[in-house]
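Visitor: Input: one structure, supplied below.
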């Protein structure tokens, strides 16, 4: 399987590690340490040295309860970093739901649109849709993620019942709609949306039944890195889980990434690139002799 993107056909016969570059002042995981342009660009360079296969650059936090960022502010944050990243010889993804940001990033040479809204967001002012931006591009890759409700309310009222068939039908519908606009399935990657409007149990159900939650024939991205569900199952109390810092979440995150790949994920989106790459080598060594 390959994932077609603007400049690269990404070979997914081996899993790929997508390194996260948060150009935000309010990220839980990074604490705003890469919000400045120079530090974000240096972080891109460091992630590549650590073994990242793809860089994912985002200028707006989508953690539960995160406030929205204006289009102008998001553009100011991400475009200088994307301009640098596209010179580094690897696929570059822009993590955004705003069509204008997608278009600007693609115009700079970005390869992938990674959208938590799965191209459904509208600005309410009659602007272009994310679907039209992606469909109007001849080659760019796109990742469509399942999200219940929106970042402000998704964990206030999470999903109910068995989430696997619900996520499957959502992703199938959105992928088919995009294919109807002329986007080939080789350009589409699907993400079940761990932590986006699901309970802890539901998130682990999506991990255990990942193959059932994503339509066959599409690349699969898993984003478990530093998620609160990992804290919830590894700490002895809720208060401990709430205060669990990012270093304490590293080992659970790497474990979840390995399990996601074992269950069929082609791409894992992570903060801790070097350790995840090492873990993937161990998994590959075992699979080579199995």
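In my numbering, the protein residues as written are 85 to 374.
All residues carry an ideal CB built from backbone N, CA and C; glycine is no exception.
Could you give the residue range of the beta strand (DSSP E) that holds residue 134?
Guide: On the chain shown, residue 134 is found 50 positions in, with the first residue counted as 1. Taken as a continuous stretch (DSSP letters only), residue 134 belongs to no beta strand (DSSP E), as it is neither H nor E.
Visitor: Starting from residue 372, follow the alpha helix (DSSP H) in both directions and report where the run begins and ends.
Guide: Counting from 1 along the chain shown, the entry for residue 372 is found at position 288. Its alpha helix (DSSP H) spans residues 357-373.
Visitor: Roughly how far, in whole angstroms, is the beta-carbon of residue 175 from the beta-carbon of residue 94, given that I think they are within contact range, below 8 Å?
Guide: Translated into positions along the chain shown, residue 175 becomes position 91. Translated into positions along the chain shown, residue 94 becomes position 10. That pair is a contact at about 6 Å.
Visitor: Is residue 197 closer than 8 Å to residue 178 when the C-beta atoms are compared?
Guide: On the chain shown, residue 178 is found 94 positions in, with the first residue counted as 1. On the chain shown, residue 197 is found 113 positions in, with the first residue counted as 1. Yes, these two residues count as a Cβ contact at 8 Å.
Visitor: Taking Cβ positions, are residue 102 and residue 267 nearer each other than 8 Å?
Guide: One-based indexing of the chain shown puts residue 102 at position 18. One-based indexing of the chain shown puts residue 267 at position 183. In this structure, residue 267 does not lie closer than 8 Å to residue 102 by Cβ.
Visitor: Given residue 251, which residues of its chain have a CB within under 6 Å of its CB, disregarding the five upstream and five downstream residues?
Guide: As a first step, residue 251 must be located in the chain shown, where it is residue number 167. If we look at residue 251 and ignore the five residues flanking it on each side, its Cβ neighbours are 230, 276, 297.
Visitor: Look up residue 289 in the DSSP assignment and give the residues it is bridged to.
Guide: Taking the first residue of the chain shown as 1, we reach residue 289 at position 205. Per DSSP, none; premise fails for residue 289.
Visitor: Could you check the C-alpha separation between residue 318 and residue 288 for me, to the nearest Å?
Guide: Here residue 318 refers to the residue found at position 234 when the chain shown is read from its first residue. Here residue 288 refers to the residue found at position 204 when the chain shown is read from its first residue. Those two C-alpha atoms are separated by around 13 Å.
Visitor: Counting beta carbon pairs with one atom in the segment 143-159 and one in the segment 222-238, are three or more of them shorter than 8 Å?
Guide: Enough Cβ pairs lie closer than 8 Å, so yes.
Visitor: Is it buried or exposed, residue 313, if we count other Cβ atoms within 10 angstroms and call 16 or more buried?
Guide: Reading the chain shown from its first residue, position 229 is the one you call residue 313. Buried, because 16 or more other Cβ atoms sit within 10 Å of the Cβ of residue 313.
Visitor: With the cut-off set at 8 Å, would you say residue 368 and residue 98 are in Cβ contact?
Guide: Translated into the one-based positions of the chain shown, residue 368 becomes position 284. Translated into the one-based positions of the chain shown, residue 98 becomes position 14. Cβ atoms of residue 368 and residue 98: closer than 8 Å.
Visitor: Excluding the 5 residues flanking residue 100 on each side, which residues of the same chain have their C-beta closer than 7 Å to its C-beta?
Guide: Position 16 of the chain shown, counted from the start, is the residue given in the question as residue 100. Within the same chain, residue 100 has close Cβ partners 94, 137, 138, 350, 351.
Visitor: From residue 293 to residue 347, what does the alpha carbon distance come to, in whole angstroms?
Guide: The residue labelled residue 293 in the question sits at position 209 within the chain shown. The residue labelled residue 347 in the question sits at position 263 within the chain shown. Each residue's alpha carbon lies about 8 Å from the other.
Visitor: Could you tell me whether the segment 330-346 touches the segment 303-312, using the rule of 3 or more Cβ pairs below 8 Å?
Guide: A contact exists between the segment 330-346 and the segment 303-312.
Visitor: If contacts are defined as beta-carbon pairs under 8 Å, then residue 106 and residue 142 qualify, I think. What distance do you get, rounded to the angstrom?
Guide: One-based indexing of the chain shown puts residue 106 at position 22. One-based indexing of the chain shown puts residue 142 at position 58. That belief holds up - the Cβ atoms of residue 106 and residue 142 are roughly 6 Å apart, short of 8 Å.
Visitor: Roughly how many angstroms lie between the CA atoms of residue 311 and residue 345, to the nearest whole one?
Guide: On the chain shown, residue 311 is found 227 positions in, with the first residue counted as 1. On the chain shown, residue 345 is found 261 positions in, with the first residue counted as 1. Going from the Cα of residue 311 to the Cα of residue 345 covers about 17 Å.
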